[in-house]
Amino acid sequence: STLQLFDLLGIDIGTNSVPKYQDGFLRLNFPLKKNSTLSLFGMGGLSDVDILISNQKKPEIDLYAQSDRDQYFNSRMGIAGVAYAKTFSANTYMKSTLAIQGNQVTSNHELLYRHIGADENYVVDSLQPILDYTFREGKISAAWSINHKLSSKWLIKAGFNADALMYSYLDSSLNIDSTSSFYYQWYSRWNSAGTTSLLQPYVQLKYKPNDRLTLNFGAHAQYFGLNNSLSPFEPRIGIQYDLGNNQLIALGTGLHSQQQNMYLYFYRLQDSLNHQLPPHNLNMDFTKSLHLVTSYSKLFAQHFYLKAELYYQHLFNVPVTKVPSSFSLINTGVGFSRFFPETLVNEGTGTNYGAEITLQRFFYKQYFFMITGSLFNSRYKGSDGVWRNSDFNAQYVMNVLGTKEWTISKKHTFGLGGKITYEGGHWYGLVDTVLSEIQKEIIYDDGSRNSLQFAPYFRLDVKINFKINAKKVAHEIGLDVVNVLDTKNILSLTYIPNDDDPSRSVIQKNYQLGRLPIFYYRIDF
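Residues in the sequence shown are numbered from 251 upward in steps of one, following our numbering.
Pasting the structure below:
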């Protein structure tokens with residue numbers, strides 16, 4: 251990886267924990283007789299990172315580490331499949347896909363005990379295993395669809411997606427809460443394995459009564475075999491009208507449902523004797539949402555495109571805790587941490603609404619640019635009945651990007667590009683310092699969740715590249731500099747023990763990635 255190369259060169263990237271990763275992708279297309287095509291595809295990757303605090307001799311600040319433990323992380327993923335497409339006639343087209351995929355995430359933590367020796371360097375006393383988990387997921391997927399033109403005005407598409415889901419979740423943790431009656435005892439939070447299924451049939455109709463008006467009608471259904479969750483009818487409608495002079499207006503609405511992350515169904519609690527209880531969230535239903543969006547777009551001056559959009563989304567059936575709290579699964583997906591939910595019920599709600607505008611100049615005369623801006627509000631209500639900012643509620647986002655190329659010779663071009671990102675900061679709450687000290691991690695006051703906001707996020711990226719175009723192959727050498735100004739953007743708060751300096755607060759700010767140059771070489775043939 252690029253970061254491994256920087257480590258060998260002695261370039262400081264803010265951490266001694268250098269990720270080691272590799273990946274690959276393959277796709278082969280085979281035209282067959284009778285208007286059909288067979289495609290084979292595959293992709294795989296693996297990554298490892300060891301965050302070893304025990305190697306430190308002096309106090310250090312590491313952007314990604316907890317300073318009281320060594321941490322080992324690794325992940326593996328792979329997918330392989332085959333796709334077959336066939337054109338039966340000018341009016342009928344069919345496509346089918348069969349794929350198998352799997353992924354694994356493993357982590358081990360060891361609690362570090364050390365002291366400062368006579369030479370004022372750290373001396374390791376012992377390393378105590380504190381966490382061990384392995385999550386494995388597999389999926390066999392089959393997809394099939396057929397498109398048929400019923401007439402010059404009507405087109406129908408029907409199909410299904412069917413997934414056989416396999417899972418294995420193992421997790422054990424050491425209780426280091428000194429106030430607990432099970433202090434320094436191991437307990438299991440996940441211990442489940444099995445198979446289940448997810449089925450999704452659908453049908454779509456497209457009606458074009460004239461050259462200007464296009465109507466789309468659709469229906470979707472979803473069934474999850476683990477707990478027999480069923481969403482039998484999800485209607486979707488879209489309307490598009492051509493105003494002429496390269497202008498379009500559109501309106502769309504639809505009902506959607508979403509399965510929860512698989513591991514959340516199998517989390518377990520312990521009883522008063524520290525015995526593992528059965529999973530308590532197996533009956534979680536789908537989260538559902540109603541979407542409404544309208545847009546206006548225009549092509550003008552040959553090479554410019556403008557689009558403005560208004561949208562509203564109502565979320566319901568969102569899992570929240572049975573005991574009143576601010577927790578909601580609506581906030582999953584923002585960070586890298588796992589969730590450890592108590593008993594959940596599908597009684598939460600949320601809303602997202604906003605406006606977006608995009609101005610784009612297509613690549614012409616060797617340059618292009620795009621400007622996007624969004625104003626929005628994203629809020630949710632937990633089981634305590636209080637409306638709060640969701641973790642996604644940055645409130646505003648602006649992006650400006652562009653590229654300019656210069657022709658050096660018939661086969662050589664030089665390019666310079668950049669991107670500016672500016673958006674609202676992440677939300678957080680008041681820290682419960684007493685509980686944080688006891689549990690050795692950040693614990694927020696539940697009632698103040700997402701009532702405070704970090705400073706806005708700003709980042710400038712720059713890209714330089716050089717291209718060589720030959721007859722059968724193209725070479726590209728480039729340098730991407732992420733966050734070229736090395737702007738310090740706050741990601742979150744983190745707990746860092748202050749054994750080395752008791753005057754320092756144990757609550758510290760965790761920053762996002764600083765300046766990072768990435769060299770690359772690409773061949774297209």
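Backbone N, C-alpha and C define an ideal beta-carbon position, used for all residues, glycine too.
Which class does Leu278 belong to by DSSP, given the choice of helix, strand or coil? Along the sequence shown, read from residue 1 onward, the residue named residue 278 stands at position 28. DSSP places Leu278 in strand when its eight states are reduced to three.
Classify Asn602 as buried or exposed, calling it buried when 16 or more other Cβ atoms lie within 10 Å of its own Cβ. Locating residue 602 in the sequence shown gives position 352, counting from the first residue. The residue in question, Asn602, is buried, as its Cβ has 16 or more Cβ neighbours within 10 Å.
Could you give the first and the last residue of the continuous beta strand (DSSP E) run that contains Thr683? Translated into positions along the sequence shown, residue 683 becomes position 433. Boundaries around Thr683 are those of the alpha helix (DSSP H), Thr683 to Gln689, since no beta strand (DSSP E) includes it.
How far does the beta strand (DSSP E) with Asp521 in it reach, from first residue to last? The sequence position of residue 521 within the sequence shown is 271, counting from 1. Neither: Asp521 is in no beta strand (DSSP E) and is coded neither H nor E.
Could you please give the first and the last residue of the uninterrupted beta strand (DSSP E) stretch that includes Ile366? Numbered from 1 along the sequence shown, position 116 holds the residue referred to as residue 366. Taken as a continuous stretch (DSSP letters only), the beta strand (DSSP E) holding Ile366 covers Thr342 to Ile366.
Find out if the Cβ-Cβ distance for the pair Gly673, Tyr630 is shorter than 7 Å. The residue given as residue 673 occupies position 423 in the sequence shown. The residue given as residue 630 occupies position 380 in the sequence shown. Here residue 673 turns out to be Glu, not Gly, going by the sequence shown. The answer is no: Cβ separation not under 7 Å.
Between Ala720 and Leu729, what straight-line distance do the alpha-carbon atoms span, to the nearest angstrom? Locating residue 720 in the sequence shown gives position 470, where the first residue counts as 1. Locating residue 729 in the sequence shown gives position 479, where the first residue counts as 1. About 21 Å.
Between which two residues does the beta strand (DSSP E) harbouring Gln497 extend? Locating residue 497 in the sequence shown gives position 247, counting from the first residue. Counting along the chain, the beta strand (DSSP E) containing Gln497 begins and ends at Gln497 to Gln508.
Strand pairing of Asn511, partner residues [DSSP]: What you label residue 511 is simply residue 261 of the sequence shown in a count that begins at 1. Per DSSP, none; premise fails for Asn511.
Can you tell me which residues form a DSSP beta bridge with Val756? Here the question's residue 756 lines up with position 506 in the sequence shown. Paired residues: none, contrary to the question.
Reduced DSSP category for Asn719 - H, G, I as helix; E, B as strand; rest coil: Walking along the sequence shown from the start, residue 719 turns up at place 469. Reduced to three states, the DSSP call for Asn719 is strand.
Asp461 by DSSP, collapsed to three states: which one? Residue numbering aside, residue 461 sits at position 211 when the sequence shown is read from its first letter. For Asp461, the three-state secondary structure derived from DSSP is coil.
For the beta strand (DSSP E) that contains Asn602, what are its first and last residues? What you label residue 602 is simply residue 352 of the sequence shown in a count that begins at 1. Asn602 -> beta strand (DSSP E) spans Leu594 to Tyr614.
Considering just the uninterrupted stretch of the beta strand (DSSP E) at His530, what are its terminal residues? Indexing the sequence shown from 1 puts residue 530 at position 280. Looking at the DSSP string, His530 is not in any beta strand (DSSP E), and its letter there is neither H nor E.
Among the residues of its own chain, which have a CB less than 8 Å from the CB of Ile426, if the five just before and after it don't count? Counted from its first residue, the sequence shown places residue 426 at position 176. So the list reads Leu361, Ile380, Tyr433, Tyr434, Gln689 and Lys690, once near-sequence residues are dropped.
What residue range does the beta strand (DSSP E) around His725 cover? Along the sequence shown, one-based indexing puts residue 725 at 475. His725 -> beta strand (DSSP E) spans Ala724 to Val732.
Paired residues, beta bridge with Gln272 - DSSP: Within the sequence shown, numbered from 1, the residue matching residue 272 stands at position 22. Leu296.
Tell me where the beta strand (DSSP E) around Ala490 begins and ends. Locating residue 490 in the sequence shown gives position 240, counting from the first residue. Reading off the sequence, residue 490 comes out as Gln, not Ala. Per DSSP, Gln490 belongs to the beta strand (DSSP E) from Ser479 to Gly494.
Out of Ser545, Leu523, Gly504 and Thr622, which has the shortest C-alpha to C-alpha gap to Ser430? Taking the first residue of the sequence shown as 1, we reach residue 430 at position 180. Selected option, being the one with the closest Cα: Leu523.
Decide if the stretch 589-601 is in contact with the stretch 643-657; the criterion is three or more beta carbon pairs, one per stretch, under 8 Å apart. no
Mind checking who Asn581 pairs with in its DSSP beta bridge? The residue labelled residue 581 in the question sits at position 331 within the sequence shown. According to DSSP, Asn581 shares a beta bridge with no other residue.
Determine the burial state of Ser640: buried for a count of at least 16 other Cβ atoms within 10 Å of its Cβ, exposed for fewer. As a working mapping, residue 640 is identified with position 390 in the sequence shown. It is buried - the Cβ of Ser640 has at least 16 other Cβ atoms within 10 Å.
Once you ignore the five residues that flank Trp394 on each side, which residues in its own chain have a CB closer than 7 Å to its CB? Start at 1 with the first residue of the sequence shown, and residue 394 comes out as number 144. Here the set comprises Ser346, Gly409 and Phe410.
Euclidean distance between Cα positions of Ser438 and Leu743: As a position in the sequence shown, residue 438 is number 188, starting the count at 1. As a position in the sequence shown, residue 743 is number 493, starting the count at 1. Computed Cα separation, rounded: 27 Å.
Whose C-beta lies closer than 6 Å to the C-beta of Leu480 among residues of the same chain, with five residues either side of it excluded? Counting from 1 along the sequence shown, the entry for residue 480 is found at position 230. Within the same chain, Leu480 has close Cβ partners Tyr473.
Between the alpha carbons of Pro482 and Ser304, how many angstroms are there, rounded? To locate residue 482, count along the sequence shown from 1; it is residue 232. To locate residue 304, count along the sequence shown from 1; it is residue 54. The C-alpha of Ser304 is placed about 55 Å away from the C-alpha of Pro482.
Is there contact between the stretch 549-559 and the stretch 578-594, where contact requires at least three CB pairs shorter than 8 Å? No, the stretch 549-559 is not in contact with the stretch 578-594.
Tell me whether Ser442 sits in a helix, a strand or coil according to DSSP, three-state version. On the sequence shown, residue 442 is found 192 positions in, with the first residue counted as 1. Residue state, collapsed to three classes: strand.
With respect to the beta strand (DSSP E) encompassing Glu673, which residues constitute its N-terminal and C-terminal limits? For the purposes of this step, residue 673 is identified with residue 423 of the sequence shown, where counting begins at 1. His662 to Glu673 is the extent of the beta strand (DSSP E) around Glu673.
For a test of the three-state rule: what should DSSP assign to Ser698, helix, strand or coil? Mapped onto the sequence shown, residue 698 falls at position 448. Helix, per DSSP.
Pull up the distance between the alpha-carbon of Val570 and that of Arg277, whole angstroms please. Residue 570 sits at position 320 when you count from the first residue of the sequence shown. Residue 277 sits at position 27 when you count from the first residue of the sequence shown. Roughly 42 Å separates the two Cα atoms.
With distances taken Cα to Cα, identify the nearest neighbour of Ser578 among Met534, Leu735, Arg611 and Phe612. Numbered from its first residue, the sequence shown carries residue 578 at position 328. Selected option, being the one with the closest Cα: Met534.
Just how far apart, CA to CA, sit His662 and Leu741? Residue 662 sits at position 412 when you count from the first residue of the sequence shown. Residue 741 sits at position 491 when you count from the first residue of the sequence shown. For His662 and Leu741, the distance between alpha carbons rounds to 41 Å.
Selected residue, minimal CA-CA separation from Val650, among Tyr322, Arg638 and Arg611: Position 400 of the sequence shown, counted from the start, is the residue given in the question as residue 650. Minimum Cα distance to Val650 is reached at Arg611.
For the candidate residues Asn460, Leu448, Asp382 and Tyr546, whose alpha-carbon lies nearest to that of Ser402? Against the sequence shown, residue 402 aligns to sequence position 152. It is Asn460.
Beta-carbon spacing of Leu455, Glu484 below 7 Å: By 1-based counting over the sequence shown, the position of residue 455 is 205. By 1-based counting over the sequence shown, the position of residue 484 is 234. With contacts defined as CB atoms closer than 7 Å, Leu455 and Glu484 fail to qualify as a contacting pair.
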